[in-house]
Amino acid sequence: MDSAPNSADPVSTAPLLVVMGVTGSGKSTVGAALALRLRVPFADADDFHGEANVAKMSAGIPLDDADRLPWLRSVGSWLAEQAATGGVMSCSALKRSYRDILRDPAPTAIFVHLDGDAEVIRRRVANRPGHFMPVSLVNSQLDTLEPLEPDERGIVLDFGRPVDELVEAYLAAAPSLDAPSQPASPADPKSGPESPENPGV
Numbered sequence: 001m002d003s004a005p006n007s008a009d010p011v012s013t014a015p016l017l018v019v020m021g022v023t024g025s026g027k028s029t030v031g032a033a034l035a036l037r038l039r040v041p042f043a044d045a046d047d048f049h050g051e052a053n054v055a056k057m058s059a060g061i062p063l064d065d066a067d068r069l070p071w072l073r074s075v076g077s078w079l080a081e082q083a084a085t086g087g088v089m090s091c092s093a094l095k096r097s098y099r100d101i102l103r104d105p106a107p108t109a110i111f112v113h114l115d116g117d118a119e120v121i122r123r124r125v126a127n128r129p130g131h132f133m134p135v136s137l138v139n140s141q142l143d144t145l146e147p148l149e150p151d152e153r154g155i156v157l158d159f160g161r162p163v164d165e166l167v168e169a170y171l172a173a174a175p176s177l178d179a180p181s182q183p184a185s186p187a188d189p190k191s192g193p194e195s196p197e198n199p200g201v
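Position 112 of the sequence shown, counting from 1, maps to 112 under UniProt numbering, and the rest follow consecutively.
Here it is, written out as structure tokens:
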């Protein structure tokens with residue numbers, strides 16, 4: 001599942017990352033671990049949603065693009081503020097158009113896409129009581145997801161691997177991320193347990 005890195009523009013010396021993927025892919029857990037390792041600030045895009053968006057998702061109603069636009073702009077503003085010193089944001093960033101909104105104020109952002117088995121996602125979300133994103137919206141997110149395109153700088157990693165392995169996989173790929181996104185090398189096979197213990201959305 002891991003895929004080789006992609007890149008289109010030079011990588012900033014200060015890492016500016018967006019850990020992306022559907023709900024339950026472990027974005028928050030992996031993003032926080034990357035930020036700790038890179039010694040840069042971490043933020044979770046869930047915290048940027050307004051009350052109306054949270055209420056809608058809690059009711060099992062998928063957000064539409066109009067709902068997401070102010071949220072994405074807020075996330076993009078945070079990324080722009082961190083561009084000089086580095087930062088890591090966990091954000092679903094499911095569509096190319098959403099990622100374009102994030103890149104507009106933060107063109108050096110690199111996307112780390114956590115991808116994997118849809119059934120694993122469903123199990124994780126079902127076992128995450130109290131979160132505003134219900135398991136009923138998993139299919140909506142999977143249907144919305146648009147993988148990284150060749151001209152998007154980033155890397156695809158298998159979320160079934162342990163968190164520390166995912167961090168090391170990003171660090172190993174980082175020097176080549178000044179080229180467009182690609183899947184990780186086949187020489188870097190998937191391994192380890194099916195999920196981080198506390199995957200983020």
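For every residue, glycine included, the Cβ atom is placed at its ideal position computed from N, Cα and C. Note that the coordinates shown come from a computational prediction; the quantities given were computed from them, not determined experimentally.
Open item on the list: Classify S58: buried if its beta carbon has 16 or more other beta carbons within 10 angstroms, exposed otherwise.
Closed with: Counting from one through the sequence shown, the residue named residue 58 turns up at place 58. S58 is exposed by the Cβ-count criterion.
- [ ] In the DSSP assignment, find the unbroken alpha helix (DSSP H) run with G31 in it and report its ends.
- [x] What you label residue 31 is simply residue 31 of the sequence shown in a count that begins at 1. Element bounds for G31: K27 to L38.
- [ ] Could you check how far apart the C-beta atoms of I121 and G24 are, in whole angstroms? I think they sit under 8 Å.
- [x] Taking the sequence shown and counting its residues from 1, the one referred to as residue 121 is at position 121. Taking the sequence shown and counting its residues from 1, the one referred to as residue 24 is at position 24. Yes, I121 and G24 are in contact; Cβ-Cβ is about 4 Å, under 8 Å.
- [ ] Go ahead and pull the three-state DSSP assignment for G76.
- [x] As a first step, residue 76 is located in the sequence shown; it is residue number 76 there, counting from the start. Helix.
TODO: Using the DSSP secondary-structure output, state which residues sit across from residue 212 in a beta bridge.
DONE: This structure gives no information on residue 212, because the portion of the chain shown stretches from 1 to 201.
TODO: Name the two residues that bound the continuous beta strand (DSSP E) containing residue 219.
DONE: No information on residue 219 is available, as it lies outside the stretch 1 to 201 that the chain covers here.
TODO: Buried or exposed for R39, please, with buried defined as at least 16 other CB atoms from any protein chain shown within 10 angstroms of its CB.
DONE: As a first step, residue 39 is located in the sequence shown; it is residue number 39 there, counting from the start. Exposed: under 16 other Cβ atoms inside 10 Å.
TODO: Determine, using beta-carbon pairs with one atom in the segment 69 to 89 and one in the segment 101 to 117, whether at least three such pairs fall under 8 Å.
DONE: yes
Task: Through-space distance from I61 to G50, alpha-carbon basis - done: Locating residue 50 in the sequence shown gives position 50, where the first residue counts as 1. Locating residue 61 in the sequence shown gives position 61, where the first residue counts as 1. Using only the alpha carbons, I get a separation of about 15 Å.
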